[in-house]
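Asker:
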Amino acid sequence: MDSLNTAHPLALSILLNEDLYVIEPVETTPNTEVITAQKEEPKAAVENKTVIPVLQNTPIETQESAKAQTPVSKPVFNYLGDNNKYLLIIVNDTTHQFINDKDLAFLLKILAAKKLDLHDIAILNTKSYTDLTFKDLKDYFACNKILTFGIDPKSLQIQGITANKAGEFDSVKILGTWALSLLDTDVKKKTVYWNELKNF
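Numbering (the UniProt record's numbering) for the sequence shown: 1 to 200.
1. Mind checking who Gly176 pairs with in its DSSP beta bridge?
2. Just to confirm before moving on: does the CB-CB distance between Leu156 and Leu132 stay below 7 Å?
3. What does DSSP give as the partner residue(s) for Asn100 in the beta ladder?
4. How many angstroms separate the CA atom of Phe141 from the CA atom of Tyr79?
5. When DSSP labels each residue in this structure, what does Asn125 get in the three-state scheme?
6. Quick check on DSSP: helix, strand or coil for Leu118?
7. Using a Cβ distance threshold of 8 Å, determine whether the stretch 81 to 99 contacts the stretch 143 to 163, with at least three qualifying pairs required.
8. Hey, Phe149 and Gly160 are a contact pair by Cβ (cut 8 Å); roughly how many whole angstroms apart?
9. Compute the Euclidean distance between the alpha carbons of Ala163 and Ser73, then round it to the nearest angstrom.
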């Protein structure tokens, strides 16, 4: 059987599951002293003394280990709800941590009509976060639907969504509309929104 021999980093990482160390080459120093005896020994036997190298703990750096050493900080979001049905609701309330009580009561009525409650959703207030992106939200919440109230979806890098029309972006259903306080006080807006939300 032929022996396996490879220097490819990927093959080495698959074949070897232990740490590898680089051994720096050590120069061999020929013995300059020649001992003369009555019988002359061959010079090759005297000059081929080698120094045994000392192993250094220098791990071989592969592309995978270089990627693993540079941690990528992923955003962490503080939200209200349990997100059991992966429905993300995004609001912008500048005076409260999540949402004011009146808007929350109105939102819970809307959700109850869809047979949902606070355990099924996650409410995120954008006031505490700058540079929100759709990718960060999707990765963190694993959402399959997003409702926005008073938020322009373009500010979240979501393209092709029209207000009060259900759309889809990157396999996530999205419906954006007016702020909850405007919906609560305007019957026409409420009707327009509900007609779209029924089939969402």
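We put the beta carbon where it would ideally sit given N, CA and C, even for glycine.
Answerer: Concretely, from the data shown:
1. Here the question's residue 176 lines up with position 176 in the sequence shown. Thr148, per the DSSP bridge assignment.
2. The count along the sequence shown starts at 1 and reaches residue 156 at position 156. The count along the sequence shown starts at 1 and reaches residue 132 at position 132. Their beta carbons are under 7 Å apart, which means Leu156 touches Leu132 by this criterion.
3. Numbered from its first residue, the sequence shown carries residue 100 at position 100. DSSP lists no partner for Asn100.
4. As a first step, residue 141 is located in the sequence shown; it is residue number 141 there, counting from the start. As a first step, residue 79 is located in the sequence shown; it is residue number 79 there, counting from the start. Approximately 10 Å, taken between the alpha carbons.
5. Here residue 125 refers to the residue found at position 125 of the sequence shown. It is a strand residue.
6. Walking along the sequence shown from the start, residue 118 turns up at place 118. Of the three classes helix, strand and coil, the one that applies to Leu118 here is coil, per DSSP.
7. yes
8. In the sequence shown, residue 149 corresponds to position 149, counting from 1. In the sequence shown, residue 160 corresponds to position 160, counting from 1. Not really, about 19 Å apart at Cβ, beyond 8 Å.
9. Mapped onto the sequence shown, residue 163 falls at position 163. Mapped onto the sequence shown, residue 73 falls at position 73. Computed Cα separation, rounded: 33 Å.
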